[in-house]
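Read through the structure below, which is laid out as structure tokens, and then see the notes.
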Amino acid sequence: MILARTLIFALSLLSTAAFASATNEAALAEDPVAERRLQDLSRELRCLVCQNETIADSNAELAVDLRREIRGMIRDGRSDSDILEFMVTRYGDFVLYRPPVKGITLLLWAGPILLLFIGIFAMRGYLKRRSAQVAVTNAKPLSAEDTRRADALLKEIDDK
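Heads up: the sequence shown runs through residues -20 to -1, 1 to 140, numbered per mature numbering (1 follows the signal peptide of the UniProt record, and there is no 0).
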């Protein structure tokens, strides 16, 4: 009996939350300008859970919460720059899908290029060392004993 009451209570809470969310979305959808602003802002912000998607594309719980937060700020009449500034203040430059180029985000922008150059130089060094080893190994002539053993092995293979 207690389990049934708990289940009914949990379902009623879930349906209330879903109804409230649907009400907020419906109210915002009535204003196409506000909906367009929400979509534009959502495409500029990175999902902090997925990190590879915008909050417009993500279904993560945090992305849904951030969209809800943006809806509230749009409803309160805040400008796009105010909303973006609020998100950057709260989560840092990483929340922006295209963070600005400045000292602290320089590694985000230069990191991939830097890693590419490090890889190229490492591969170049490896290939130089390898070719030098091959040249040294090929430069030594076989001793008389090594030549005799090689001939014996080849003759053994021919006899089989």
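C-beta: ideal position from N, C-alpha, C; glycine also. Every value quoted in this text rests on a predicted model; they were computed, and no experiment measured them.
- Between residue 17 and residue 76 the beta-carbon gap is near 17 Å, outside 8 Å, which marks them as no contact.
- Between residue 28 and residue 71 a beta carbon distance of about 6 Å is seen, short of the 8 Å cut, so the two are scored as contacting.
- Between residue 36 and residue 19 the beta-carbon gap is near 6 Å, inside 8 Å, which marks them as a contact.
- Here residue 34 is bridged, per DSSP, to 26.
- In this structure, the straight-line span from the alpha carbon of residue 53 to that of residue 96 is close to 41 Å.
- When the Cα atoms are used, residue 69 and residue 102 turn out to be separated by approximately 39 Å.
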